[in-house]
Amino acid sequence: MSNKRKVAFDIFRFQFQWSFYFLVTLLTIYIVFQAFLPPIELGYDTFFSFLCQSAKIFSLIVGIVAGGMFFSPFVRQGVTRKSAFTGNMIAAVLLSLFLMIIITSLTVIEMLIFGSPSPVFGLLPSVLVMILHVFIYYMAGWMITTGYLRFGGFGIAAYILLALLITMVTDTIGGTPAENSLFGDLINVTDGELIPYVTIVVLLSIVTAIILWIGKRTVAVAHAPIKLK
4 MSNKRKVAFD
14 IFRFQFQWSF
24 YFLVTLLTIY
34 IVFQAFLPPI
44 ELGYDTFFSF
54 LCQSAKIFSL
64 IVGIVAGGMF
74 FSPFVRQGVT
84 RKSAFTGNMI
94 AAVLLSLFLM
104 IIITSLTVIE
114 MLIFGSPSPV
124 FGLLPSVLVM
134 ILHVFIYYMA
144 GWMITTGYLR
154 FGGFGIAAYI
164 LLALLITMVT
174 DTIGGTPAEN
184 SLFGDLINVT
194 DGELIPYVTI
204 VVLLSIVTAI
214 ILWIGKRTVA
224 VAHAPIKLK
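The sequence shown: position 26 = 29 (the working numbering), numbered continuously.
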């Protein structure tokens, strides 16, 4: 097994456990809320819309933890920074896919059993957008920690601001679920205009490419000093 795959597997193994507890906890809360609160007070009509914002915050926190918990130990064990970076990114992709597959599956089951004003196929565009959102939030958190490892106290302050900017841009492009609705194929922006769904995916993909480039430049440059203790 290559170092990249080993790093990805080891990291995702931990993140899978964290994700399991996260999903079980939020599913329990959602069921309790649905049992005691009418949908109009709950503000969400599906498990998917209920979990969207929470999934992004969860991935941000996991990214912060991953940057400090996994990167330096692998480097100390002889894994190159490039392999550690690539393995972590693979684990981030797996986490994003895993979260959205489980959330979407539970939502489809909910819609089939209880019915929903939104069609099942309407989930598909929302799922792809949310996969990109979750991955970008993960990377934003990951950059905060690795920015500290790379630059110290100044780095963490600068990278927190950078992560905040990236997440704000991401939410502006992709939006968040409106009350009692999913993303849909079109998302409202300023002046009542509409951004086509394909444009949203392209813009989010550009943000993803930028954040990956920043992450790679932060840790994968040969002369970059990284704190290993």
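Cβ coordinates follow ideal geometry from the N, Cα and C atoms, glycine included.
Straight-line gap, residue i to residue j (C-alpha atoms, nearest Å)
i	j	result
Gly-158	Leu-215	17 Å
Leu-164	Ala-95	21 Å
Val-137	Cys-55	9 Å
Ile-32	Met-171	27 Å
Ser-86	Ile-104	27 Å
Lys-9	Met-92	12 Å
Ala-142	Val-210	This sequence places Met at residue 142; Ala is not what is there. For Met-142 and Val-210, the distance between alpha carbons rounds to 11 Å.
Val-204	Ser-108	22 Å
Phe-88	Phe-39	45 Å
Ile-60	Leu-207	17 Å
Ile-139	Met-114	28 Å
Ala-58	Ile-213	22 Å
Asn-6	Val-82	7 Å
Same chain only: Cβ atoms within 6 Å of residue i, ignoring 5 sequence neighbours per side
i	result
Thr-148	Ile-67, Gly-70 and Gly-71
Segment limits, alpha helix (DSSP H) that includes residue i
i	result
Ser-86	84 to 117
Gln-80	No alpha helix (DSSP H) holds Gln-80; DSSP gives it neither H nor E.
Phe-23	6 to 39
Thr-49	Thr-49 -> no alpha helix (DSSP H), and no H or E assigned at all.
Gly-155	No alpha helix (DSSP H) contains Gly-155, which DSSP labels as neither H nor E.
With 16 other Cβ atoms within 10 Å as the buried cut-off, status of residue i
i	result
Arg-16	exposed
Gln-18	buried
Leu-168	exposed
Tyr-24	exposed
Phe-117	exposed
Ile-112	exposed
Ile-176	buried
Same chain, Cβ closer than 7 Å to residue i, neighbours up to 5 away in sequence not counted
i	result
Leu-231	Low confidence applies to Leu-231: its pLDDT is 47, below 50, so where it sits in the model is not reliable, and the reading given next is rough at best. Hits under 7 Å: Ser-75, Val-78 and Arg-79.
Ile-14	Ala-69, Phe-73, Gly-90, Asn-91 and Ala-94
Leu-26	Ile-105
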